[in-house]
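Structure record follows, encoded as C-alpha coordinates.
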Amino acid sequence: MEFSKFHHGICLLVLIIAGNRQAYSQCAGTHLTLAATSGSYAMGEMTYPVSGSYGESLDCAWLIESSMPASHSLLFHVSISTIATGDFLRIYDGTSTSGTTLFTATASTGQTVSEVATSGNAYIRFTSDGTVGTAGQQGFRIRYMSASTNDYGCTAASLTATDSVKYLTSQNFPAKYPTSTSCSWTISAQGDCGTLVLDTIYLSVEGCDSDFLTLTYDDNPTEKLCVQNDWYSTKDYATSNTSAIVTMTSDSSDEWNGFVMAYSRNGAGCTSVSASSVATESGSLLPLVSLITVPIIAMAVAAGLRKAGAIKASKVRSI
-3 MEFSKFHHGI
7 CLLVLIIAGN
17 RQAYSQCAGT
27 HLTLAATSGS
37 YAMGEMTYPV
47 SGSYGESLDC
57 AWLIESSMPA
67 SHSLLFHVSI
77 STIATGDFLR
87 IYDGTSTSGT
97 TLFTATASTG
107 QTVSEVATSG
117 NAYIRFTSDG
127 TVGTAGQQGF
137 RIRYMSASTN
147 DYGCTAASLT
157 ATDSVKYLTS
167 QNFPAKYPTS
177 TSCSWTISAQ
187 GDCGTLVLDT
197 IYLSVEGCDS
207 DFLTLTYDDN
217 PTEKLCVQND
227 WYSTKDYATS
237 NTSAIVTMTS
247 DSSDEWNGFV
257 MAYSRNGAGC
267 TSVSASSVAT
277 ESGSLLPLVS
287 LITVPIIAMA
297 VAAGLRKAGA
307 IKASKVRSI
(Lines of atoms letter the chains of each structure in order from A and count residues from 1; the text may use other names and numbers.)
(Lines give C-alpha, C1' and ligand atoms only; values in the text may rest on other atoms or scores of the structure.)
Protein backbone atom coordinates (compact mmCIF):
# COMPACT_ATOMS: atom_id res chain seq x y z
CA MET A 1 0.00 0.00 0.00
CA GLU A 2 3.03 2.25 0.07
CA PHE A 3 2.29 3.54 -3.42
CA SER A 4 -1.23 4.68 -2.57
CA LYS A 5 -0.14 6.44 0.62
CA PHE A 6 2.75 8.05 -1.24
CA HIS A 7 0.38 9.22 -3.97
CA HIS A 8 -2.12 10.74 -1.52
CA GLY A 9 0.73 12.18 0.55
CA ILE A 10 2.21 14.02 -2.44
CA CYS A 11 -1.23 15.45 -3.35
CA LEU A 12 -1.77 16.59 0.22
CA LEU A 13 1.71 18.14 0.50
CA VAL A 14 1.25 20.11 -2.71
CA LEU A 15 -2.15 21.38 -1.59
CA ILE A 16 -0.86 22.33 1.85
CA ILE A 17 2.09 24.23 0.39
CA ALA A 18 -0.13 25.99 -2.17
CA GLY A 19 -2.81 26.81 0.36
CA ASN A 20 -0.39 28.16 2.95
CA ARG A 21 1.44 30.27 0.39
CA GLN A 22 -1.86 31.82 -0.71
CA ALA A 23 -2.99 32.38 2.88
CA TYR A 24 -0.61 35.33 3.11
CA SER A 25 -2.10 37.19 0.15
CA GLN A 26 -5.85 36.54 0.15
CA CYS A 27 -6.81 39.72 2.08
CA ALA A 28 -6.42 42.13 -0.82
CA GLY A 29 -10.14 42.60 -1.50
CA THR A 30 -10.80 39.57 -3.71
CA HIS A 31 -10.92 35.88 -2.87
CA LEU A 32 -8.28 33.38 -3.87
CA THR A 33 -9.29 30.03 -5.33
CA LEU A 34 -8.10 26.69 -3.96
CA ALA A 35 -8.77 23.69 -6.21
CA ALA A 36 -10.41 20.60 -4.71
CA THR A 37 -9.37 17.75 -7.01
CA SER A 38 -12.30 15.52 -7.97
CA GLY A 39 -12.22 11.83 -8.78
CA SER A 40 -9.47 10.55 -6.48
CA TYR A 41 -10.59 11.75 -3.04
CA ALA A 42 -7.40 13.82 -2.77
CA MET A 43 -7.26 15.97 0.36
CA GLY A 44 -6.35 19.62 0.71
CA GLU A 45 -5.54 21.78 3.71
CA MET A 46 -5.26 25.49 4.39
CA THR A 47 -4.09 27.18 7.58
CA TYR A 48 -4.50 30.84 8.51
CA PRO A 49 -2.23 32.31 9.61
CA VAL A 50 0.59 29.94 8.64
CA SER A 51 2.43 30.89 11.83
CA GLY A 52 2.09 33.36 14.65
CA SER A 53 -1.06 35.45 15.09
CA TYR A 54 -3.35 37.09 12.56
CA GLY A 55 -3.62 40.85 12.39
CA GLU A 56 -6.36 43.42 12.95
CA SER A 57 -8.86 44.96 10.51
CA LEU A 58 -8.67 42.05 8.06
CA ASP A 59 -11.17 41.03 5.42
CA CYS A 60 -9.98 37.77 3.83
CA ALA A 61 -11.67 35.28 1.51
CA TRP A 62 -11.01 31.92 -0.15
CA LEU A 63 -13.02 29.86 -2.60
CA ILE A 64 -12.56 26.09 -2.43
CA GLU A 65 -13.71 24.94 -5.84
CA SER A 66 -14.44 21.43 -7.10
CA SER A 67 -13.65 20.53 -10.71
CA MET A 68 -16.88 18.47 -10.85
CA PRO A 69 -19.46 20.35 -8.74
CA ALA A 70 -22.46 18.77 -10.50
CA SER A 71 -21.65 15.28 -9.17
CA HIS A 72 -19.43 16.03 -6.18
CA SER A 73 -19.96 17.55 -2.75
CA LEU A 74 -17.25 19.13 -0.63
CA LEU A 75 -16.49 17.70 2.80
CA PHE A 76 -14.51 19.98 5.08
CA HIS A 77 -13.32 19.89 8.67
CA VAL A 78 -12.62 23.10 10.61
CA SER A 79 -10.19 23.17 13.56
CA ILE A 80 -10.01 26.51 15.38
CA SER A 81 -6.99 27.41 17.48
CA THR A 82 -8.24 30.82 18.63
CA ILE A 83 -10.58 33.36 17.05
CA ALA A 84 -10.98 36.46 19.22
CA THR A 85 -14.18 38.22 20.21
CA GLY A 86 -15.28 40.52 17.39
CA ASP A 87 -13.53 38.39 14.74
CA PHE A 88 -15.57 36.06 12.52
CA LEU A 89 -15.00 32.98 10.41
CA ARG A 90 -17.91 32.18 8.09
CA ILE A 91 -18.25 29.38 5.54
CA TYR A 92 -20.89 29.39 2.81
CA ASP A 93 -22.18 26.64 0.51
CA GLY A 94 -21.43 28.06 -2.93
CA THR A 95 -19.09 30.48 -4.65
CA SER A 96 -19.91 33.65 -2.70
CA THR A 97 -21.47 34.98 0.49
CA SER A 98 -24.91 34.65 -1.12
CA GLY A 99 -24.80 30.89 -0.52
CA THR A 100 -26.27 29.14 2.53
CA THR A 101 -24.24 29.74 5.70
CA LEU A 102 -22.81 26.41 6.84
CA PHE A 103 -20.66 27.55 9.75
CA THR A 104 -19.94 30.66 11.82
CA ALA A 105 -17.38 31.06 14.60
CA THR A 106 -16.38 33.97 16.83
CA ALA A 107 -14.81 34.16 20.29
CA SER A 108 -13.87 30.51 19.86
CA THR A 109 -11.01 28.33 21.14
CA GLY A 110 -10.46 24.65 20.33
CA GLN A 111 -13.69 24.25 18.35
CA THR A 112 -13.91 21.55 15.64
CA VAL A 113 -16.70 20.81 13.19
CA SER A 114 -17.30 18.90 9.94
CA GLU A 115 -19.71 20.15 7.29
CA VAL A 116 -20.67 19.29 3.71
CA ALA A 117 -21.13 21.83 0.91
CA THR A 118 -23.57 20.11 -1.44
CA SER A 119 -22.89 22.62 -4.23
CA GLY A 120 -19.37 21.20 -4.51
CA ASN A 121 -17.87 24.60 -3.60
CA ALA A 122 -17.26 26.46 -0.35
CA TYR A 123 -16.70 30.18 0.14
CA ILE A 124 -14.72 31.10 3.27
CA ARG A 125 -14.63 34.62 4.71
CA PHE A 126 -12.60 35.71 7.72
CA THR A 127 -12.79 39.20 9.24
CA SER A 128 -11.12 40.75 12.26
CA ASP A 129 -11.89 44.00 14.07
CA GLY A 130 -9.42 46.68 15.10
CA THR A 131 -8.56 45.30 18.55
CA VAL A 132 -6.11 42.66 19.73
CA GLY A 133 -7.81 39.67 21.35
CA THR A 134 -6.75 38.98 24.92
CA ALA A 135 -7.10 35.20 24.39
CA GLY A 136 -4.81 35.22 21.35
CA GLN A 137 -5.35 35.24 17.60
CA GLN A 138 -3.91 31.94 16.36
CA GLY A 139 -6.55 31.42 13.67
CA PHE A 140 -7.79 28.19 12.14
CA ARG A 141 -7.15 25.22 9.85
CA ILE A 142 -9.51 23.73 7.25
CA ARG A 143 -9.12 20.32 5.63
CA TYR A 144 -11.24 19.51 2.60
CA MET A 145 -12.05 16.76 0.11
CA SER A 146 -14.16 16.69 -3.06
CA ALA A 147 -16.22 13.49 -2.96
CA SER A 148 -18.57 11.81 -5.41
CA THR A 149 -22.17 11.53 -4.26
CA ASN A 150 -22.67 8.34 -6.32
CA ASP A 151 -21.79 5.84 -3.59
CA TYR A 152 -22.46 2.10 -3.71
CA GLY A 153 -24.62 2.17 -0.60
CA CYS A 154 -25.64 -1.28 0.55
CA THR A 155 -26.71 -2.40 -2.90
CA ALA A 156 -23.34 -3.45 -4.40
CA ALA A 157 -22.47 -6.28 -2.05
CA SER A 158 -19.77 -7.71 -4.34
CA LEU A 159 -16.91 -5.61 -5.69
CA THR A 160 -14.03 -6.60 -7.97
CA ALA A 161 -10.51 -5.31 -7.30
CA THR A 162 -8.35 -4.77 -10.37
CA ASP A 163 -4.83 -3.43 -10.83
CA SER A 164 -6.33 0.09 -10.97
CA VAL A 165 -7.36 1.78 -7.71
CA LYS A 166 -11.11 2.02 -7.01
CA TYR A 167 -12.96 3.53 -4.06
CA LEU A 168 -15.60 2.33 -1.63
CA THR A 169 -17.46 4.74 0.66
CA SER A 170 -20.03 4.55 3.42
CA GLN A 171 -23.66 5.24 2.59
CA ASN A 172 -24.49 8.86 1.71
CA PHE A 173 -20.83 9.91 1.78
CA PRO A 174 -19.70 12.64 2.18
CA ALA A 175 -22.93 13.32 4.09
CA LYS A 176 -23.52 11.40 7.31
CA TYR A 177 -24.31 7.70 7.10
CA PRO A 178 -27.79 6.49 8.16
CA THR A 179 -28.70 5.28 11.64
CA SER A 180 -29.31 1.65 12.56
CA THR A 181 -27.67 0.04 9.55
CA SER A 182 -25.27 -2.79 8.82
CA CYS A 183 -23.74 -2.79 5.33
CA SER A 184 -21.34 -5.46 4.14
CA TRP A 185 -19.19 -5.59 1.00
CA THR A 186 -17.11 -8.51 -0.27
CA ILE A 187 -14.10 -7.36 -2.29
CA SER A 188 -12.51 -10.02 -4.52
CA ALA A 189 -9.41 -9.88 -6.68
CA GLN A 190 -10.12 -10.08 -10.39
CA GLY A 191 -9.82 -13.63 -11.64
CA ASP A 192 -9.12 -14.85 -8.09
CA CYS A 193 -5.51 -13.98 -8.85
CA GLY A 194 -3.07 -11.83 -6.90
CA THR A 195 -3.66 -10.26 -3.49
CA LEU A 196 -5.82 -7.42 -2.19
CA VAL A 197 -4.56 -4.04 -1.03
CA LEU A 198 -6.94 -1.96 1.12
CA ASP A 199 -6.19 1.65 2.11
CA THR A 200 -8.53 3.47 4.51
CA ILE A 201 -7.82 7.07 3.52
CA TYR A 202 -10.60 8.70 5.57
CA LEU A 203 -12.51 7.48 8.61
CA SER A 204 -14.86 9.25 11.02
CA VAL A 205 -17.37 7.27 13.07
CA GLU A 206 -19.00 7.76 16.46
CA GLY A 207 -17.05 5.24 18.55
CA CYS A 208 -16.29 1.57 19.04
CA ASP A 209 -19.32 0.92 21.25
CA SER A 210 -21.70 2.55 18.77
CA ASP A 211 -20.54 2.79 15.14
CA PHE A 212 -17.57 1.02 13.60
CA LEU A 213 -15.96 -0.35 10.46
CA THR A 214 -14.75 -3.97 10.49
CA LEU A 215 -12.35 -5.82 8.18
CA THR A 216 -12.25 -9.60 7.84
CA TYR A 217 -9.41 -11.02 5.76
CA ASP A 218 -6.95 -13.91 5.66
CA ASP A 219 -7.04 -15.98 8.86
CA ASN A 220 -6.90 -12.92 11.12
CA PRO A 221 -9.58 -12.04 13.68
CA THR A 222 -12.01 -9.38 12.48
CA GLU A 223 -10.45 -5.95 13.03
CA LYS A 224 -12.59 -3.07 14.27
CA LEU A 225 -11.82 0.52 13.17
CA CYS A 226 -13.51 3.34 15.06
CA VAL A 227 -11.84 6.78 15.09
CA GLN A 228 -13.08 10.31 14.44
CA ASN A 229 -11.80 12.75 11.81
CA ASP A 230 -8.84 10.65 10.71
CA TRP A 231 -8.01 12.16 7.33
CA TYR A 232 -4.82 10.43 6.18
CA SER A 233 -3.16 8.40 8.90
CA THR A 234 -5.29 5.26 9.14
CA LYS A 235 -3.84 1.84 8.43
CA ASP A 236 -3.20 0.01 5.17
CA TYR A 237 -3.91 -3.68 4.72
CA ALA A 238 -2.21 -6.07 2.32
CA THR A 239 -3.88 -9.48 2.34
CA SER A 240 -2.42 -12.81 1.35
CA ASN A 241 -5.77 -14.05 0.01
CA THR A 242 -7.93 -12.88 -2.87
CA SER A 243 -10.95 -11.60 -0.94
CA ALA A 244 -11.92 -9.56 2.12
CA ILE A 245 -15.16 -8.47 3.81
CA VAL A 246 -15.78 -4.85 4.84
CA THR A 247 -18.71 -4.11 7.17
CA MET A 248 -20.07 -0.77 8.40
CA THR A 249 -22.35 -0.83 11.46
CA SER A 250 -24.20 2.11 13.04
CA ASP A 251 -26.50 2.48 16.04
CA SER A 252 -29.60 4.65 16.41
CA SER A 253 -27.95 8.01 17.16
CA ASP A 254 -25.03 10.43 16.62
CA GLU A 255 -23.90 9.50 13.14
CA TRP A 256 -20.75 10.88 11.50
CA ASN A 257 -19.43 11.10 7.93
CA GLY A 258 -18.18 7.51 7.57
CA PHE A 259 -15.25 6.32 5.48
CA VAL A 260 -13.43 6.24 2.15
CA MET A 261 -11.47 3.10 1.31
CA ALA A 262 -9.23 2.64 -1.73
CA TYR A 263 -8.95 -0.93 -2.94
CA SER A 264 -6.93 -2.61 -5.66
CA ARG A 265 -5.32 -5.89 -6.67
CA ASN A 266 -1.62 -6.62 -6.61
CA GLY A 267 -1.64 -8.68 -9.78
CA ALA A 268 2.07 -9.52 -9.95
CA GLY A 269 2.35 -13.02 -11.37
CA CYS A 270 -1.16 -13.05 -12.86
CA THR A 271 -0.59 -14.13 -16.47
CA SER A 272 -4.12 -14.96 -17.55
CA VAL A 273 -7.68 -13.81 -17.01
CA SER A 274 -10.31 -16.47 -16.38
CA ALA A 275 -13.73 -16.32 -18.01
CA SER A 276 -15.36 -15.63 -14.67
CA SER A 277 -13.24 -12.52 -14.14
CA VAL A 278 -14.47 -10.96 -17.37
CA ALA A 279 -17.75 -10.23 -15.61
CA THR A 280 -18.23 -6.59 -14.78
CA GLU A 281 -19.36 -5.35 -11.39
CA SER A 282 -22.90 -5.17 -12.72
CA GLY A 283 -22.76 -8.88 -13.52
CA SER A 284 -22.65 -8.69 -17.34
CA LEU A 285 -20.29 -10.87 -19.39
CA LEU A 286 -18.38 -10.19 -22.55
CA PRO A 287 -19.72 -12.20 -25.51
CA LEU A 288 -18.33 -15.72 -25.63
CA VAL A 289 -16.86 -15.05 -29.07
CA SER A 290 -14.56 -12.46 -27.45
CA LEU A 291 -13.24 -15.04 -25.01
CA ILE A 292 -12.44 -17.34 -27.92
CA THR A 293 -11.09 -14.95 -30.52
CA VAL A 294 -8.93 -12.72 -28.30
CA PRO A 295 -6.49 -15.53 -27.31
CA ILE A 296 -6.32 -16.74 -30.93
CA ILE A 297 -5.47 -13.24 -32.19
CA ALA A 298 -2.89 -12.76 -29.44
CA MET A 299 -1.22 -16.10 -30.26
CA ALA A 300 -1.10 -15.25 -33.95
CA VAL A 301 0.41 -11.81 -33.32
CA ALA A 302 2.97 -13.24 -30.90
CA ALA A 303 3.96 -15.96 -33.38
CA GLY A 304 4.50 -13.37 -36.09
CA LEU A 305 6.67 -11.24 -33.81
CA ARG A 306 8.78 -14.23 -32.78
CA LYS A 307 9.32 -15.10 -36.43
CA ALA A 308 10.48 -11.57 -37.10
CA GLY A 309 12.87 -11.73 -34.16
CA ALA A 310 11.11 -8.86 -32.36
CA ILE A 311 10.50 -10.74 -29.12
CA LYS A 312 11.49 -13.98 -27.47
CA ALA A 313 8.96 -16.71 -26.76
CA SER A 314 9.55 -16.32 -23.03
CA LYS A 315 8.28 -12.74 -23.21
CA VAL A 316 4.87 -13.70 -24.61
CA ARG A 317 2.03 -13.51 -22.08
CA SER A 318 -1.28 -15.21 -22.72
CA ILE A 319 -4.42 -13.10 -22.55
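Residue -3 is where the sequence shown starts when you use the working numbering, and the numbers rise one by one after that. For each residue, glycine too, the CB sits at the ideal point set by N, CA and C.
First and last residue of the beta strand (DSSP E) that includes residue i?
i	result
Val161	Run containing Val161: none; DSSP gives neither H nor E here.
Asp316	Because residue 316 is not part of the residues shown, which for the chain are -3 to 315, the question remains open.
Lys231	No beta strand (DSSP E) contains Lys231, which DSSP labels as neither H nor E.
Asp89	Phe84 to Asp89
Asp55	Asp55 to Ser62
Ser206	Unbroken run through Ser206: none, as it is neither H nor E.
Glu219	Glu219 to Leu221
His317	No information on residue 317 is available, as it lies outside the stretch -3 to 315 that the chain covers here.
Thr118	Inspection of the sequence shows that residue 118 is occupied by Ala rather than by Thr. Taken as a continuous stretch (DSSP letters only), the beta strand (DSSP E) holding Ala118 covers Asn117 to Thr123.
Ser94	Note, Ser94: premise wrong, no beta strand (DSSP E); not H, not E.
Cys179	Ser178 to Ala185
Thr108	Thr108 to Ala113
Ser142	Gly135 to Ser144
Nearest by alpha-carbon distance to residue i: which of the options is it?
i	options	result
Gly126	Gly51, Thr29 and Ser246	Gly51
Val256	Tyr198, Asp215 and Ser53	Tyr198
Ala38	Arg139, Ala264, Ser184 and Phe208	Arg139
Thr238	Ala80, Tyr44 and Ser184	Ser184
His27	Gln134, Ser47, Ala57 and Tyr44	Ala57
Thr114	Ser104, Gly132, Ser144 and Ser154	Ser144
Asn216	Ser246, Ser236, Ser206 and Gly35	Ser236
Ser246	Cys222, Trp227, Tyr228 and Asn262	Cys222
Trp227	Pro170, Thr177, Tyr44 and Ser154	Pro170
Pro45	Ala32, Gln167, Gln22 and Gly82	Gln22
With a CB to CB cut of under 7 Å and the five nearest residues on each side skipped, what residues in its chain are close to residue i?
i	result
Gln107	Ile76 and Ala101
Asn117	Leu59, Ile60, Glu61, Ser62, Pro65, Leu70, Gly90 and Thr91
Ser249	Thr175
Gln134	Ser49, Ser77 and Thr78
Lys231	Thr196
Ser34	Ser62, Ser63, Met64, His68 and Ser142
Ala131	Thr78, Ala80 and Thr105
Is it the case that the Cβ atoms of residue i and residue j are separated by a distance below 8 Å?
i	j	result
Glu111	Thr175	no
Asp55	Thr97	no
Ala152	Ser260	no
Glu318	Arg137	The first residue shown for the chain is -3 and the last is 315, placing residue 318 beyond what the model contains.
Ala264	Val161	no
Only counting the same chain, and skipping five residues up and downstream in sequence, which positions put a Cβ closer than 8 Å to that of residue i?
i	result
Asn225	His73, Thr108, Ser110 and Ser200
Val128	Glu52 and Ala80
Phe99	Val74, Leu85, Arg86, Ile87, Val109 and Glu111
Excluding the 5 residues preceding and the 5 following residue i in the sequence, name in chain order all residues of the same chain whose CB lies nearer than 6 Å to its CB.
i	result
Thr243	Ser180 and Thr210
Thr212	Thr218 and Ile241
Say the cut is 7 Å; is the CB of residue i nearer than that to a heavy atom of the ligand FMN?
i	result
Glu219	With respect to the ligand FMN, the structure offers nothing, as it holds no ligand at all.
For chain D, find out if any of its Cβ atoms is closer than 8 Å to the Cβ of residue i; answer yes or no.
i	result
Ala118	Of the protein chains in this structure there is only one, and it is not chain D.
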